[in-house]
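Just so you know, my numbering puts 147 at position 119 of the sequence shown, and the rest follows in order with no gaps.
For every residue, glycine included, the Cβ atom is placed at its ideal position computed from N, Cα and C.
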Amino acid sequence: MQNRITTYLDKLKNRKLLIPFFTAGFPSIKYTQEYIKAAESAGADFVEIGIPFSDPLADGPEIQFSSKTALDNNLKLRDIFGMVEKIRKYSDIPLLFMNYVNQIIAVGENKFMKQASEIGIDGLIVPDLPVEESVSMRKISDKVGLSMTFLVSPTSSEKRIKMIDKATSGFVYAVTVAGVTGANKKFSKSTDDYLHKLQNELNHKFVAGFGVSNSNDAKRLTKYSDGVVIGSKLIQLIKEAKTDKSSVLKIERFLKDIRKTLS
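Next comes the structure, spelled out in structure tokens:
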């Protein structure tokens, strides 16, 4: 199966992946589109689009806040799909949805994945989908051309890491610290050891996420990993900006700084 993600990864050599995460509809669907445009301009390789959910198990306070804001604004799935269709009129940057199992089941596995692929989504990250229960979704994703990314954590056994590596059809997402997402996490030698271990055990490329707040974090985590995901810090920057318009510039400047560190 080939799509924008797999094609990009096949060509990747010495470049480290920069993958920003934005919650769709925060602060509005219009500005989510602007952030994705700014991220591409800043040198992002892929973009994760979070579909807001009322009970986000893996999300820390920043992303929970952004999801609640979007849902309070009456955001619908069709609004997110419409935004992706608009982006695809001018951009080929690989895009992934990050969403929960219930959101797929509510629409129907076949229908959700087929529609996601048709509008231009390239992959899915479903944090609460155990790899053991993913067979039917993986069959559909292969059929419609969506990559499936699974998560490993510091507590994952060697057997489980191998199982996830085998099931993944894009890249593996390495959760750096136990718990939920959030900026300003503290990384230790055990984080370095864990990523070094994954470097030796995984056949797929893998990116590190949960807690990346600055260039130093990004540099440290990419010593062994193939890239970083940044989410909560971007939500923080959006919240701190005086206006929605100025938040776009803040996002672009921040990501350019990270890109410069990773290049």
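Item to check | Strand pairing of G71, partner residues [DSSP] | outcome: Indexing the sequence shown from 1 puts residue 71 at position 43. Note: G71 sits in no beta bridge, so no partner.
Next on the checklist: V203 and L179 - do their beta-carbons sit closer together than 9 Å?
Outcome noted: Taking the sequence shown and counting its residues from 1, one reaches residue 179 at position 151. Taking the sequence shown and counting its residues from 1, one reaches residue 203 at position 175. Result yes, Cβ atoms of L179 and V203 sit closer than 9 Å.
Item to check | Short CB-CB distance (under 9 Å) between A67 and chain B | outcome: Among the chains in the structure shown there is no chain B, since it carries only a single protein chain.
Checklist entry - Straight-line CA distance for I189 to E160? => result Looking up residue 189 in the sequence shown gives position 161. Looking up residue 160 in the sequence shown gives position 132. Their Cα atoms are separated by approximately 12 Å.
Checklist entry - With distances taken between CB atoms, is the gap from G259 to P48 smaller than 9 Å? => result By 1-based counting over the sequence shown, the position of residue 259 is 231. By 1-based counting over the sequence shown, the position of residue 48 is 20. Contact flag set, yes.
Item to check | K139 classed as buried or exposed, judged by whether at least 16 other C-beta atoms fall within 10 angstroms | outcome: Within the sequence shown, numbered from 1, the residue matching residue 139 stands at position 111. K139 comes out exposed.
Next on the checklist: My output table needs one value for V180: the three-state DSSP class, helix, strand or coil.
Outcome noted: Counted from its first residue, the sequence shown places residue 180 at position 152. Three-state DSSP puts V180 in a strand.
Next on the checklist: I believe I121 touches V75 by the beta-carbon criterion, under 8 Å. Please report the beta-carbon distance rounded to the nearest angstrom.
Outcome noted: Along the sequence shown, one-based indexing puts residue 121 at 93. Along the sequence shown, one-based indexing puts residue 75 at 47. The pair is a contact, with the Cβ atoms about 6 Å apart (cut-off 8 Å).
Next on the checklist: I'd like the span of the beta strand (DSSP E) that includes P48, first residue to last.
Outcome noted: Residue mapping note: residue 48 aligns to position 20 of the sequence shown, counting from 1. Bounds of the beta strand (DSSP E) holding P48 are 45-51.
Checklist entry - Should G210 go down as buried or exposed, given a rule of 16 or more other Cβ atoms within 10 Å for buried? => result Position 182 of the sequence shown holds residue 210. Only weak support exists for where G210 lies, its pLDDT of 45 falling under 50; the value from the coordinates is given anyway. Buried.
Item to check | Segment contact flag, the stretch 272-282 with the stretch 105-112, C-beta cutoff 8 Å, min 3 pairs | outcome: No contact exists between the stretch 272-282 and the stretch 105-112.
Checklist entry - Which residues share a DSSP beta bridge with S95? => result Counted from its first residue, the sequence shown places residue 95 at position 67. Its beta-bridge partners do not exist; DSSP assigns none.
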